[in-house]
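Working notes for the structure below.
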Amino acid sequence: MQAATPGVIRFDDYTLDLQQCVLRRGGDALDLRPKAFDVLRHLAGNPGRVVSKDELMAAVWPGVFVTDDALVQCVRDVRRVLGETGQRIVKTVPRRGYMFDVATPAAPASGTEACRTADGIRLAMASIGSGPPLVRPPTWFNHLDYEWHVQFRGALYHRLAEQVRLVRYDGRGNGLSDRHVPEISFATFEQDLDAVVAAQRLDRYGLLGISQGAPIAIAHAARHPERVTRLVLNGGYAQGRNKRGSAKDLEVGQAYLTLMKHGWGDENSAFLRTFSTLYFPGASPEELRALAELQRLSMSADVALRMRMACDEVDVVELLPRVRAPTLILHSRYDNAVPLDEGRRLAATIPNARFVVLESENHVPMPGEPAWATFIAEIQAFLGGQ
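Just so you know, we're using the working numbering here: the sequence shown kicks off at 2 and counts up by one.
See the structure below:
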């Protein structure tokens, strides 16, 4: 299966146009009811993974009670339209759900570009989709190419690209950007975002701040209220661990840094076990292996330590009241990495903010859990109001 064109998924002889909500074979549009199309879109967006009936119903009929019969009929419609290949592509997994059985989609051929920061650091950047621009400041560790192999990141990017032009970049010391850098600090994180926005020639744009990307997005929105149109924050915070005034946070932080130094990128290390407990307790072994590989490819252990220490010193509390853009704040109720109270503080202090609590234990919701459908639906509805 391929997704070389933004907003389009190709499989066998079919083209699933996510922007026009049309399934085509050759150049002909096929007759598929809207809800059946939504079922196919959700399955095709999660290839090779068993999708439960509960997840499908939450994605296709959010907030509405429907019986299994409605879903079964949609699956029948999809298989009918796909003809003799329908049963092969949309498989029933007894007592578990359905699976879209085709090869994993390739990363979109959006191309990687480069720009330079004010202090001369080369940054790699890429975009996918069309529509209003949405810039995603990086999290702690990133890699523009390999991120597509980390299920929850790739799935999120594909869904966002259905309605926006998503601009991503690897921060300094990360991924495809310059690895050997003299300074890593919150000030340089801000410089990196400024450089990307300038290189992309963006006048007005939204920001998506996930985890450590949230304070970067907040600071930028506060400094440029006339340019930032929308702000989406997930698992975010205004103060890093060392600024929260908690002795426990300080102790945990020091222990975490010690484990990181000796286990970065090692799927069998005590660090990865601690990381998964804090950030993604619901991750499967395969997902944890992908995260370990992303860590290894994104940066060295030394840079990871420097990056983590810079994040722990972040403090943008005074900037929160200066944000003027409409803001959507999402936070997992049982997040062990960033306490729910941090999300509440953002919502209470940023004007014009809406707060949504996700029923998840993962720092960022993952495909396959009920909170994922809520996560995607809330973001798409918010961005659709632009």
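A virtual CB, placed ideally from N, CA and C, is assigned to each residue, including glycine.
Query	Result
For R42, three-class secondary structure by DSSP	helix
Burial state of F281 (16 or more Cβ within 10 Å)	buried
Reduced DSSP secondary structure (H/G/I, E/B, other) of F187	helix
Distance cut-off 7 Å: P371 Cβ against heavy atoms of the ligand HEM	By its list of ligands, the structure shown contains no ligand whatsoever, and the ligand HEM lies outside what it can speak to.
Cβ distance (whole Å) where G176 is taken to contact D193 below 8 Å	No, G176 and D193 are not in contact; Cβ-Cβ is about 12 Å, not under 8 Å.
Check whether L320 and A215 have beta carbons under 8 Å apart	no
Distance, S299 Cα to W265 Cα	11 Å
Candidates E191, S270, G246, of which the one nearest R224 by Cα	E191
Residue ranges of each alpha helix (DSSP H) within the stretch 215 to 303, 4 or longer	248 to 264, 271 to 280, 286 to 299
Bridge partners - A115, DSSP secondary structure assignment	A125
Boundaries (first-last residue) of the beta strand (DSSP E) holding P134	134 to 137
Counted within 10 angstroms of its Cβ, other Cβ atoms place A156 as buried (16 or more) or exposed	buried
For D29: DSSP bridge partner residues	R26
Beta-carbon separation (whole angstroms), L124 vs Y158, contact threshold 8 Å	Not a contact, Cβ separation roughly 18 Å.
Which residues DSSP lists as bridging K92, in chain order	M100
Cβ of P327 within 8 Å of any chain B Cβ	Checking the listed chains, one finds no chain B in this structure; it contains a single protein chain.
Three-state class that DSSP yields for I377 in the structure shown	helix
A349 versus N363, L329, E370, residue with shortest Cα-Cα distance	L329
C-alpha distance - V61 paired with K36, whole-angstrom precision	7 Å
Buried versus exposed, by CB contacts within 10 Å (16 or more), E360	exposed
Alpha carbon of I10 to alpha carbon of C22, nearest angstrom	11 Å
Host alpha helix (DSSP H) of G344 (start-end)	341 to 350
Boundaries of the alpha helix (DSSP H) in which D78 is found, first to last residue	69 to 83
Rounded C-alpha distance that separates P106 from V82	For P106, the pLDDT reaches just 48, beneath the cut-off of 50, and the residue's location in the model is therefore unreliable, although a value from the coordinates is still provided. Cα-Cα distance, rounded: 21 Å.
DSSP beta-bridge partners of L321	Answer by DSSP bridge pairing: none, since L321 is not bridged.
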